[in-house]
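So the structure is just underneath, and the comments pick up after that.
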Amino acid sequence: MFSRSIPPTFSAIREWEIAGLSLSGALENYLDLSTNLGTKALRENIHPKHTIARIDSALQSLHTVLTQQLTIVHSTLARTRNQLASVVYYLPHEILSEIFMRAVYVCSPIGHDTSNTMSMKATLLDMFRNLCSLQSVCHLWRDIILSRGVFWHFVPAYCTDIPGLRCTEATDLALKRSNGDLHLAAVVKSHLPGEIRTLKTFSRFRKVNISAKTRAPISDLIRRVIEPGPPLILSELSLYEKADYHDPFRHNNVQVFSHTDACWNSFCQLISSLSILRVRGAHFAWNRMIFSHRLVELHIQDVKLGPDEAFVRFLKKLSLAPNLRDLKFVSIWSSFDLISLGLVRPEQTDPFPPAEIAFPSRPSIQHPFHYHGSHFPWSIPPNSVSDRKVHRPD
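When we follow UniProt numbering, the leftmost residue of the sequence shown carries the number 1, and every step to the right adds one.
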């Protein structure tokens, strides 16, 4: 039936062929016994009715099972043969991995700056749906995906007060399967005290994103990050507090925590260690933050920066980030205060003596401001800001 000259290293093929030989021998023996069953039964004086009953039982049970199993074996072998004959099995695993990476990540608008950007929740669902679909194609694809940590560096956390909708299994799987840096993507629909603080291995997170309806989960996340522990590798932080759709500044301008909070200094140390900071809808004491040479991108959107004086002082501190390349202000607001603007003058004790605020690295500045109520948006000339010449729309 089969060739017996199989190299000893191919144990899988050898075991399969030995099983096939055993099955073939058993079937041949069963055929001989079935052929002579009637004659032998009569010789042994077995009543014909008893023999008929046993044959009927075998035909209805054993033979049905054997027929089904042989059909399954045939289809399984044919499918395996066709899969192995496919060109996919001749591609190196590295190339397949790259193809899968494009299917999982490139097809999902992660990090894409487009006008039709999907929500983080929709993006994560799309990404993990693609990942599951690839794993279901065949064992080879599944093994490649499970063995490469690059497919598991996104750690999703979906927090809701509906237990059946909470995302916990995917979070644990990502933590176990990833062998490198992690990217936390947390979507908080309702604040569950302690939910964010139970997340593990913050020392492995290089990027952290959170989208929440209130500031409490954002506060919990930041406090969890700055807790004493192993050194952090965090370089990118994105915070999104969803404001009221019709009036994002009516109620949602309370600071996540103020500069008098006990953890403020630790928070400033965290900010100074970041290369990318994106904040939307979450409020802080911006004029008291500390930025360092590591910062290359800053995105602030849908926030109130306080009075004009505080905004100018914030820009002065921001100008001390020498490597800042990308500065985006989207719908930010400061309260018009002519008296405060007049007080913003260089003083002998002022650590920022120049009257003009200049950005050494000449960052790309985007500022699509909008008029709202009694607040007036700033219009910033590219690459520099003067605290004496304030540009405002007519």
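Backbone N, C-alpha and C define an ideal beta-carbon position, used for all residues, glycine too.
Assign residue i to one of three DSSP states: helix, strand, or coil.
i       : result
Cys-138 : coil
Phe-291 : coil
Asn-209 : strand
Pro-307 : strand
His-370 : Model confidence at His-370 stands at a pLDDT of 44, short of 50, so the residue's coordinates are unreliable and nothing is read from them.
Ala-103 : helix
Arg-278 : strand
His-283 : strand
Pro-156 : strand
Lys-316 : helix
His-63  : helix
Glu-227 : coil
Glu-297 : strand
Phe-329 : strand
Asp-181 : coil
Glu-241 : strand
Val-256 : coil
Ala-262 : coil
Glu-15  : helix
Ala-321 : coil
Gly-20  : helix
Ser-57  : helix
Ser-334 : strand
Glu-236 : strand
Val-385 : Any reading at Val-385 needs caution, since the residue's pLDDT is 40, under 50, leaving its predicted position unreliable; the model's value is listed next. Correct three-state label for Val-385: strand.
In chain order, what residues of the same chain have a beta carbon less than 6 Å from the beta carbon of residue i, not counting five sequence neighbours either side?
i           : result
Leu-165     : Residue placement at Leu-165 is flagged as unreliable, the pLDDT there being 45, under the threshold of 50; the coordinate-derived value follows with that caveat. Closer than 6 Å at the Cβ level, and outside the excluded window around Leu-165, lies no residue.
Leu-131     : Val-104
residue 472 : Absent from the model: residue 472. The displayed extent of the chain is 1 to 394, so no value can be given.
Ser-238     : Asn-209, Arg-278
Leu-23      : none
Val-155     : Thr-171, Ala-174, Leu-182, Leu-184
Phe-311     : Leu-305, Ser-334
Glu-236     : Lys-207, Ile-276
Trp-152     : Ala-174, Arg-177, Ser-178
Leu-124     : Pro-156, Ala-185
Arg-81      : none
Anyone know if the C-beta pair for residue i and residue j falls short of 8 Å?
i       : j       : result
Lys-304 : Asn-253 : yes
Ser-203 : Pro-230 : yes
Arg-215 : Val-256 : yes
Ala-282 : Glu-241 : yes
Ser-266 : Arg-294 : no
His-259 : Arg-288 : yes
Thr-51  : Ala-41  : yes
Kindly indicate which residue of the options has the alpha-carbon position closest to the one of residue i.
i       : options                            : result
Val-330 : Arg-280, Leu-295, Ala-321          : Arg-280
Arg-54  : Gly-38, Val-65, Met-127            : Gly-38
Leu-234 : Leu-31, Leu-270, Asp-261, Leu-318  : Leu-270
Asp-326 : Thr-51, Pro-48, Ile-300            : Ile-300
Asn-323 : Phe-311, Ser-334, Phe-291          : Phe-291
Met-101 : Ser-86, Ala-78, Phe-128, Thr-80    : Phe-128
Glu-297 : Ala-310, Val-312, Ile-276          : Ile-276
Ser-219 : Ala-262, Phe-205, Arg-206, Thr-201 : Ala-262
Ala-307 : Lys-317, Leu-315, Ser-334          : Residue identity check: residue 307 is Pro in the sequence provided, not Ala. That would be Ser-334, whose Cα lies nearest to the Cα of Pro-307.
Thr-67  : Leu-27, Arg-79, Leu-33             : Leu-27
Glu-98  : Leu-315, Leu-124, Leu-134          : Leu-134
Ile-332 : Asn-45, Phe-314, His-153           : Phe-314
Cys-268 : His-153, Asn-36, Ile-226           : Ile-226
Only counting the same chain, and skipping five residues up and downstream in sequence, which positions put a Cβ closer than 8 Å to that of residue i?
i       : result
Gln-83  : Tyr-89, Cys-138, Leu-140
Leu-31  : none
Thr-201 : Leu-175, Leu-182
Ala-85  : none
Within a Cβ cutoff of 7 Å, which residues of the same chain sit near residue i, ignoring the five residues on either side of it in sequence?
i       : result
Asn-179 : Gly-149
Gln-69  : none
Leu-62  : none
Gly-25  : none
So, is the C-beta of residue i closer than 8 Å to a C-beta in chain B?
i       : result
Trp-264 : Absent from the structure: chain B. Only one protein chain is present.
Check your understanding: Are the segment 81-96 and the segment 138-153 touching, with three or more C-beta to C-beta distances below 8 Å?
Key -> yes
**Study point:** Stretch pair the segment 71-81 + the segment 120-128: three plus CB contacts closer than 8 Å
**Key:** no
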